[in-house]
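Student:
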Amino acid sequence: MAVNFLARQTQSNPVFFKMPIEVRVHFTDGSDTILQAMNDINNQYYTWIFNKKPNLVQFDPNDKIVLKQSTTVVGITNDQMTKGYFQLFQNYP
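Quick note, the sequence shown lines up with residues 2 to 94 if you use this note's numbering.
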């Protein structure tokens, strides 16, 4: 199973701020793991592959980033489908 994560900064000044980020992934078996990555460029895309099914993703789980506004979109894809860009929208009745 793959977890895809896009880190995008939006700030009022044009300078990009390089920083480490943490993402916690919870799995259906009750376990979790914290992933640490360096955010070097804006719109940086990360993919992590696991041998068990993730069911929740938390950005900055320990609140180390002081000013933040984040959106997390969770979805399931096949491993063969990880090479594209996917976006989930609100369901329609």
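Quick reminder that beta carbons are idealized off the backbone N, C-alpha and C, glycines included.
Since the structure is predicted, the reported quantities are computational estimates derived from the model, not experimental observations.
With C-beta atoms as the reference, is Q59 less than 9 Å away from V16?
Tutor: Residue 59 sits at position 58 when you count from the first residue of the sequence shown. Residue 16 sits at position 15 when you count from the first residue of the sequence shown. Against a cut-off of 9 Å, the Cβ pair of V16 and Q59 comes out as no contact.
Student: Under 6 Å Cβ to Cβ from N43, same chain only, skipping five residues before and after it: list those, please.
Tutor: Residue mapping note: residue 43 aligns to position 42 of the sequence shown, counting from 1. Q10 and F17.
Student: If you measure between the beta carbons of F28 and K65, is that distance less than 9 Å?
Tutor: In the sequence shown, residue 28 corresponds to position 27, counting from 1. In the sequence shown, residue 65 corresponds to position 64, counting from 1. Cβ atoms of F28 and K65: not closer than 9 Å.
Student: In three-state DSSP terms, what is T48?
Tutor: Translated into positions along the sequence shown, residue 48 becomes position 47. DSSP places T48 in strand when its eight states are reduced to three.
Student: What residue from E23, A8, Y46 and Q45 has the CA that sits closest to I35's CA?
Tutor: Here residue 35 is taken as the residue at index 34 of the sequence shown, counted from 1. Taking only the C-alpha atoms, the option nearest I35 is E23.
Student: Once the 5 residues before and after D30 are set aside, which same chain residues still bring their CB inside 7 Å of it?
Tutor: Translated into the one-based positions of the sequence shown, residue 30 becomes position 29. Taken in chain order, the residues that qualify are K53.
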